[in-house]
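In the working numbering, the protein residues as written are 1219 to 1467. We treat Cβ as the ideally placed atom computed from N, Cα and C, and that holds for glycine. To start, the structure itself, in structure tokens.
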């Protein structure tokens, strides 16, 4: 058996997330159907991140085992003809059997986009906000989140997370004309964590809370203290980082 790693992107708008469900369209189901047809065997994939309904990915990584000897070049060519327009696999490589797309990852990077005006072309990929937002207090508030913390206050209630400690490596708010970007990287993320951080930061940016509120929420360890969960459309999994020995870039 060979282990293959795939890097893919998808527009999450019309998917109920990554993970296969009893009903509804999912990225995993679409990908596994295409792989099974192409390789003529049952294929089961494991992804680095199980993105939620409506969340996009530019650098999702998934692995699977196969008895097929098909080259990675032919695999990519075949998938391009079988996958729908909203999913694209752009890299494939044979990898060590010890590789695991989820557990071998050392960092995940997400971007959240906010558009502070009405927009037609970007509406599937941003949170459109039609009220003023001040990025300065949002930056000050989020600075306290960098480092190793218990992020249970930013985790969806009832998600069943046993370990709510995450190490946030970087958290940067940037601004280009009418658009705000949050770029965040960490060793792991909790369910709805990035979207809840964004929803909380927006409450601060619009003046409803002071920047000091973020520290109170973090220390309070209660989801009820944090702001609303931001819409899925603005979130994208940008990249998954692995140890250099695996050669995934």
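Counting only residues of its own chain and dropping the five nearest sequence neighbours on each side, residue 1401 has a CB closer than 6 Å to the CB of 1329 and 1390. Excluding the 5 residues flanking it on each side, residue 1349 has same chain C-beta neighbours closer than 7 Å at 1424, in chain order.
Going by C-alpha positions, residue 1368 is about 38 Å away from residue 1251. DSSP, read as helix, strand or coil, puts residue 1422 in helix. In the structure shown, residue 1460 adopts coil according to DSSP, grouped into three states. In the three-state scheme derived from DSSP, where H, G and I count as helix and E and B as strand, residue 1390 is classed as strand. Beta-bridge partners assigned by DSSP to residue 1404: 1326 and 1386. Its chain contains 1391, 1419, 1422 and 1423 as the residues whose beta carbon lies nearer than 7 Å to that of residue 1356, once the 5 sequence neighbours on both sides are disregarded; these appear in chain order. With contacts defined as CB atoms closer than 8 Å, residue 1445 and residue 1344 fail to qualify as a contacting pair. Going by beta carbons, residue 1332 and residue 1397 fall inside the 8 Å limit. In the pairwise beta carbon analysis, the segment 1426-1434 is classified as not touching the segment 1253-1261: fewer than three pairs are separated by under 8 Å. Below 8 Å, enough C-beta pairs join the segment 1309-1322 and the segment 1278-1296 to call them touching: three or more.
Counting along the chain, no beta strand (DSSP E) covers residue 1435; the unbroken alpha helix (DSSP H) around it starts and ends at 1430-1438.
Among the bridge pairs identified by DSSP, residue 1442 is matched with none. Relative to the Cα of residue 1247, the nearest Cα in the group 1301, 1408, 1360 and 1290 belongs to 1301. Between the C-alpha atoms of residue 1443 and residue 1235 there is a straight-line separation of about 27 Å. Ranked by how close their Cα comes to the Cα of residue 1258, the residues 1393, 1272, 1274 and 1286 have 1286 in first place.
Non-local beta-carbon contacts of residue 1232 in its own chain, meaning distances under 7 Å to residues more than five positions away in sequence, involve 1243 and 1304 in chain order. Judged by DSSP secondary structure, residue 1312 falls within the beta strand (DSSP E) whose first and last residues are 1305-1313. Excluding its 5 nearest sequence neighbours in each direction, residue 1268 has C-beta neighbours in its own chain below 6 Å: 1236 and 1237, listed in chain order. By the C-beta density criterion, residue 1270 is buried, having at least 16 other C-beta atoms within 10 angstroms. Listed as beta-bridge partners of residue 1228 by DSSP are 1275 and 1305. Excluding the 5 residues flanking it on each side, residue 1404 has same chain C-beta neighbours closer than 8 Å at 1325, 1326, 1384, 1385, 1386 and 1387, in chain order. Leaving aside the five residues that flank residue 1290 on each side, the residues in its chain whose CB is nearer than 8 Å to its CB run, in chain order, 1222, 1310, 1311 and 1312. Looking from the CA of residue 1249, the closest CA among 1220, 1288 and 1293 belongs to 1293.
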